[in-house]
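As numbered in mature numbering (1 follows the signal peptide of the UniProt record, and there is no 0), residues -31 to -1, 1 to 259 make up the sequence shown, in order.
Virtual Cβ for every residue (Gly too), placed ideally from N, Cα, C.
Small disclaimer: the values here were computed from a predicted structure and weren't measured.
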Amino acid sequence: MQNNLNIIKMKKTILLLLFSLVSLVFSTSCSNDDSDNSSNQILQSLLGKWYFEDPSTNPTINNSFTFNSNGQVIYSYWDGSPGNNYDSETGTFSVEGDILTMIFPENVSLTFVQKVVIVNQNKMEFLPTGNPNEDAYEGDYFKEGYSPSPTDELKLTFTGSAFTDQCTTTGSPLYNSVDVNVSFLSNGNLVNQHNFQEDSNWNLSYNEILDGNIISVKVKLQNFNPNDSNSGKGTGVDNITVKIENSYNEVIFEENIGMLLICTDTWHEVIFTYNKTTGATTTDFQTHSF
């Protein structure tokens, strides 16, 4: 009887060992498959030319990495001489999971190891791996040939701070609120507008999705009257900021463009315009002196 129990226990032990071994092999296989899939996805995304600066902004100097399917990587860099002249160095690269290793053997051998984050099909990031013995070529990189299409929608955001007491006057401010119109335009056509009356120090914020090639936001002080210096006197909007984001929620432009104020010298209207094709911006103020 005791021998039978020992045999049964031994069989159970063998079965458990076999099950554990199969589970380990299966787990390792799945892990390797996941790593291989990740490596292949990163590799396919890497292939091509990647600039150090967004090419759609027309930078003066733009170094690049070009990753080829044969495992070569070409580093192109400005040679420092007058003009737009570039030199290059060829190395090798390999991908394991999301880790990219680049080796440049010319002159002094240099090795860069970094984690690759694919932001979207046109942008990626190189980040440190966390290993203090590995140097990463940190930065954002932009795919060759990318430029915003005129049909791509962009989000244009206006922010500002209302005030009523910025003009030098005696006594209390003439006005307790600011009367402002904010209009959003696409290719010169009105898309939407907002009218508001707000107290001093009130923060304003509006945004609109625009799909035209030329997009604009116009901010206007409604109380301005060229024939009445006291109409809206002392009111205005400070820290007028415009921000443009693409469909990937990336900020492609953000700038404080100034303020509007009704006073002896008056800035009563401003229109900001952005050209999607060229990336050019213009800011035009309407002014008046009493």
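The bridge partners DSSP lists for GLN162 are SER152. In the three-state scheme derived from DSSP, where H, G and I count as helix and E and B as strand, GLN90 is classed as coil. In the three-state reduction of the DSSP assignment, SER130 falls in the strand class.
Taken in chain order, the complete beta strand (DSSP E) segments of 3 or more residues contained in the stretch 16 to 100 are 17 to 20, 33 to 36, 41 to 47, 55 to 65, 68 to 73, 79 to 89 and 92 to 96. Counting the other Cβ atoms within 10 Å of the Cβ of LEU96 gives fewer than 16, which makes it exposed.
By the Cβ test, the stretch 178 to 187 is in contact with the stretch 224 to 244, since at least three Cβ pairs between them sit closer than 8 Å. Put simply, the backbone Cα of PHE193 is about 34 Å away from that of ASN215. The residues VAL82, LYS84 and THR98, in chain order, have a CB closer than 7 Å to that of ILE68 in the same chain once the five nearest residues on each side in sequence are set aside. ALA131 and ASP168 do touch by the CB rule: their CB atoms are close to 7 Å apart, below 8 Å. The beta carbon of GLU107 sits closer than 6 Å to the beta carbons of PHE95 from its chain, once the five residues preceding and following it are set aside; these are given in chain order. Pairing ASN32 with PHE62, the inter-Cα distance amounts to about 18 Å. When Cβ pairs closer than 8 Å are counted between the two stretches, the stretch 153 to 171 is seen not to touch the stretch 216 to 234, the count staying below three. Under the three-state reduction of DSSP, LEU143 is assigned to coil, being neither helix nor strand. SER216 carries a coil assignment under DSSP once its states are collapsed to helix, strand and coil. Ranking ILE11, GLU238, SER258 and PHE153 by CA distance to the CA of ASP197 puts SER258 first. Taking 8 Å as the upper bound for CB-CB distance, ILE209 and LEU230 are not in contact here, some 11 Å apart. Sequence-distant partners of GLU177 (beyond 5 residues in either direction) whose C-beta falls short of 7 Å from its own C-beta, in its chain, are LEU125, PHE153, VAL160 and ASN161. Here the C-alpha atom of TYR217 lies approximately 34 Å from the C-alpha atom of ASP148. Assigned with DSSP and collapsed to three states, SER8 falls in helix.
Residue pairing by DSSP places HIS257 opposite THR235 in a beta bridge. Counting along the chain, the unbroken beta strand (DSSP E) around GLU177 starts and ends at 172 to 179. The Cβ neighbour count for ILE213, taken over all protein chains shown within 10 Å, is at least 16; the residue is labelled buried. DSSP places SER185 in the strand class (E or B) of the three-state scheme. About 18 Å separates the CB atoms of SER38 and SER57; that is not less than 8 Å, and the two are not in contact. CA-CA distance, GLY129 to ASN225, rounds to 9 Å.
Here GLY17 has THR35, PHE36, LYS112 and GLU113 as same chain residues with Cβ atoms under 8 Å from its own Cβ, once five neighbours each way along the sequence are excluded. DSSP links LYS112 through a beta bridge to TRP19.
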